[in-house]
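Notes to accompany the following structure.
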Amino acid sequence: MEQKKILIITYYWPPAGGPGVQRWLKFAKYLPEFGWKPIIYTPENPSYPLLDETLMKDVPEDIEIVRTKIWEPYQLAEKLNKSNKKFKAGQFDVGNNQSWKSKLSIWVRGNFFIPDARVFWVKPSIQFLEKYLKENNIDTIVTSGPPHSLHLIGLGLKDKLPGLKWIADFRDPWTEISYYKHLKLTKGSDKKHRQLESAVFKNADITLATSYADAENFRKAGANAVCITNGFDESDSREKVKEQISETANGHQGENHFTLSYIGVLEQLRNPENLWKVLDELVKENNEFSKHFSLKFVGRIDDKILNSIESTSLKGHILNLGYLSHGKAVEEMQNSDILLITNFPNESSRGIIPGKIFEYLASGKLILSFGPDKADVAKILEETNAGKHFGYTDAETLKKFILEKFEQWKSGTLTENTQGIERFSRKNLTQQLTEIL
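As structure tokens, then:
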């Protein structure tokens, strides 16, 4: 039986690193098992914030990849201010950390490039893909954002080819994302963002959300929305568990440390200051805790956050490994006792489920989460018995929780008790996707 073709329009594709690339990389890996042939459309010369060559191993050998050139203004922005490099990953300085250059750059980014700086790829892509889709008999496309400008490619193609089936995949919300209110938008710019978002919601045949709350919010805004969360790849997890067993047999260097790890990008808007305060107190008050505690960062931590932590008693307990390949990052999860995940503190972010939580789940390690009340992350942790969720003002209960886990670690009773995580495997999620298609 001939496989049905699906064109996936994505900015992020290996060798891009970070969580954004993995969603459709993994869907593309498993789609052929369910009767679909994925074709990738991606920029020829993208400006990625992170690179991870090891993800190339997950790209199917026979997959068709179509590339066209893109022009982006990020190089100009970085010349104006080096910290503008954060923009590529949707991050920037906030509050008192903003210089006048940062303020100007944020204003330009929000008001001149709507919805984002990849918008210059939209018109050329519509022109190219209208012809490509007709010539190759493709009637189903996916647009994955952010960058949300890619959804405008879908919008334009839907207008030219009304019979086209279009799935708009929102890995993060558009106007409801926490940093949106920090973009210093004029009334006119805000109106344009919202009009474009509404047009995408109303014209896409299906809008995919990565969280339950986002899907609910998208439906309220007029979208035919369905939630398919991110997940973990069982093959990755099996490989890393085997490596971890081998390392443990040879005596891993971190075995005498009670290690709390953050894997990924930690930005100012998701900084759990109450956690650093509690850990600082524990190091000062508890000699045993101070002797064994290690705070590990894998990925990119904002310089201002790191400088702040290093000004406390935690300085001698920090292990900052920087950005590692995806495979190495999964290894470091295994070499930890508690895995930290943070979300934006405001209520509108309760639907954000960071992609790395699923690999955290696959590791079997205890998860410590921070974010708003009634968050989807809290729901997942409760259902899987995988960890504990706290608000950004919790202190006493947080301190008791960490001490309790430290005592369990010392006595060897800090065990793995996760349950029911199979539904988040990439293969099972791909099956869900094909049922929707």
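Counting from 1 along the sequence shown, just add 1150 to a position and that's the residue number in this note's numbering.
We put the beta carbon where it would ideally sit given N, CA and C, even for glycine.
Being a predicted model, the structure only gives us computed values, none of them experimental.
- Secondary structure remark: continuous alpha helix (DSSP H) runs of at least 4 residues inside the segment 1447-1515, in chain order: 1453-1460, 1476-1484, 1506-1513.
- In chain order, Phe1408, Phe1439 place their CB closer than 7 Å to the CB of Phe1556, counting only its own chain and leaving out the 5 sequence neighbours on each side.
- Note on the segment 1151-1228: whole beta strand (DSSP E) runs with a minimum of 3 residues are 1154-1159, 1186-1193, 1214-1218, in chain order.
- Contact check between the segment 1457-1477 and the segment 1523-1536: fewer than three CB pairs, one atom from each, fall below 8 Å, which does not count as touching.
- DSSP places Val1269 in no alpha helix (DSSP H); its state is neither H nor E.
- Under the 8 Å Cβ criterion, the segment 1264-1271 counts as touching the segment 1294-1307, having at least three qualifying pairs.
- Linking Glu1431 to Leu1201 through their CA atoms gives a straight-line distance of about 37 Å.
- Here DSSP, grouped into helix, strand and coil, assigns Trp1324 to coil.
- Comparing C-alpha distances from Ser1458 to each of Glu1417, Tyr1329, Phe1177 shows the shortest one belongs to Glu1417.
- Residue pairing by DSSP puts Lys1315 in a beta bridge opposite Thr1290.
- At a Cβ-Cβ threshold of 8 Å, Val1350 and Ile1156 do not count as neighbours.
- Shortest Cα-Cα distance from Ile1220 to any of Ala1318, Thr1160, Leu1311 involves Thr1160.
- Here the segment 1321-1329 makes no contact with the segment 1275-1291; the two share fewer than three CB pairs at distances below 8 Å.
- With respect to the 8 Å criterion, Leu1516 and Leu1464 are not classified as neighbours on the basis of their beta carbons.
- Taking C-alpha positions only, Ala1512 is separated from Lys1441 by approximately 29 Å.
- The three-state reading of DSSP puts Leu1416 in strand, counting E and B together.
- In the three-state DSSP reduction, Leu1358 falls in the strand class (E or B).
- Counting other Cβ atoms within 10 Å of its Cβ, Ile1586 stays below 16 and is therefore classed as exposed.
- Residues Phe1408, Thr1409, Trp1559 of the same chain have their beta carbon placed closer than 6 Å to that of Asp1487, with the five preceding and five following residues left out of the count.
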